[in-house]
Structures are given as structure tokens and as C-alpha cells.
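Worksheet: the structure to be examined is printed underneath.
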Amino acid sequence: MSSPAQPPDRSQPLRPLRVRTPLENTPAWPWKPDAAIAAPLCMHAPRVQPEWVDYNGHMSESCFLLAFGDSADAFFRFLGIDERYRDLRGLSFYTVQTHLHNLQEAAEGAPLRLTLQLIDADDKRMHLFHSMFHASSGELLATGEQMLVHVDMRAGRAAAMPADIHDHVHAVLAAHAALPRPPQAGASIGIRRRQAT
């Protein structure tokens, strides 16, 4: 008979870790005002990493959000937002709401293609919609929806985007205006029950 699992040794302090994105410390991309903006945008195409796979043998739910966050980070750099923007201006975008739809499994090593649609924006907020596809089969694996708020980090509150970023965001919004609204966008969660007859 095997002995029960032992709790982890907590006598040694844990090394501090934080989430790092693939584009961290990569400068924002130069804005090209005359360039066509893809609708939707596709700026992130990772493979399912071994550390993203859980005990069920497929991509863990938290890693879908991680991949969508990396896609959002690429979008920020497309808009002109990077570490320099955060450090010099004291501004950033914070996610205030997220909704995921896990539609199909993703196995270790699977090639992914993520697209991003800007559904709406105002002076302080962006409503993003992400789609994750299997890059070879084209099958839709998951969707993710985010509401982001532009924040003055020094004041600790929401703040209007500066004019340059506002213009970039609204250029993308105009380019994406003709895209159909994804069926999962704005969906609520709940157990649907049949009405008694």
C-alpha cells in the first residue's frame, strides 16, 4: 500500500515569480496611418506548450486565458502601448471582465492561430473578442471576451486614453465595424432549463 502524498516542503521561501508575456520588453510597433488594418487582426500563433497541459491531457482552462492575454499584449503593441508607455506615461490597460467559451480540446503541441476583433471602444474602454483556432484544421477551439479599462496608474483610477492611442483604437474600431458580432459575445452563463408545460 502506498503512503499518502506528502504536503510540499514550505520551510524554504518560494522564489518570487510573475507572469511574463512572449512580447515583454519588445517595443511597440510603429503606427502606419495609411496601412490597411486586418479585420480581424491575427498577431499571435503559439503552440500548446507542455506546461499548458493539465491532468486530463489537454490544454488547461487557465491557459486559454493566458494565450488570449498574450494576443491582447500583441494588440497593445500594435496600438503603441508597451513598457515605455507604462513607465513614462504611468498609463496602462487593465482587464475588468473576462468570459471564456471552451469549445474543443487542444492537445500538447497543437498549432494555434488567434484572432482579435475590437467590438467597441470609447474614451476609456475597449471591448475585445478573441477567437482561437487550430492552425492546421481551422477548427474553432475557444473564444475569449475582455472588457479593458484605460488606467492612470499613479492616480489609481480610470483615465481617458491620450489622443494618439485613442486615434489608433478608433481606427481599428472603424476597420472592424463591418465584422459580424460573434454569437458568443455578451453571452450570459447559467443552467438552461426547459419550461414546464
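Count the sequence shown with our numbering and you get residues 1 to 197, in order. Each residue gets a CB set at the ideal place from its N, CA and C atoms; glycine is no exception.
May I ask which residues mark the beginning and end of the beta strand (DSSP E) holding GLU145? 140-152
I'd like the list of long-range same chain contacts for ASP82, defined as Cβ closer than 6 Å, with 5 residues on each side in sequence excluded. PRO27 and ALA28
ILE119 burial status per 10 Å Cβ neighbour count (16 or more: buried): buried
Reference PRO180, options ALA36, PRO40 and ARG18, closest by Cα: PRO40
Apart from the five residues just before and just after ALA45, which ones in its own chain have a Cβ nearer than 8 Å to its Cβ? PRO111, LEU112, ARG113, LEU114 and ALA135
Is the number of C-beta pairs between the stretch 101-110 and the stretch 149-161 that are closer than 8 Å three or more? no
By a C-beta neighbour count over all protein chains shown, 10 Å radius and 16 as the cutoff for buried, is ASP54 buried or exposed? exposed
Would GLY138 and PHE64 qualify as a contact pair, given that the criterion is a beta-carbon distance under 8 Å? no
I'd like the span of the beta strand (DSSP E) that includes LEU112, first residue to last. 112-121
Going by Cα to Cα distance, which pick from ASN25, MET43 and ASP70 is closest to ARG84? ASN25
Which stretch, first to last residue, makes up the alpha helix (DSSP H) that contains HIS176? 163-176
State the Cα-Cα distance for the pair LYS32 and GLY57, rounded to the nearest angstrom. 43 Å
Between ILE37 and ALA171, how many whole angstroms is the CB-CB distance? I'm expecting something under 8 Å. 6 Å
Residue range of the unbroken alpha helix (DSSP H) whose run includes TYR85: 83-89
Within a Cβ cutoff of 8 Å, which residues of the same chain sit near ASP152, ignoring the five residues on either side of it in sequence? GLY90, LEU91, ALA158 and ALA159
Three-state secondary structure (DSSP) of ARG192: coil
If you check the beta carbons only, do PRO149 and LYS124 fall under 8 Å apart? Contrary to the premise, residue 149 reads as Val rather than Pro in this sequence. Going by C-beta atoms, VAL149 is nearer than 8 Å to LYS124.
Alpha carbon to alpha carbon, what distance is there between ALA175 and LEU88? 29 Å
Rounded separation between TYR94 and ARG192 - CA only: 32 Å
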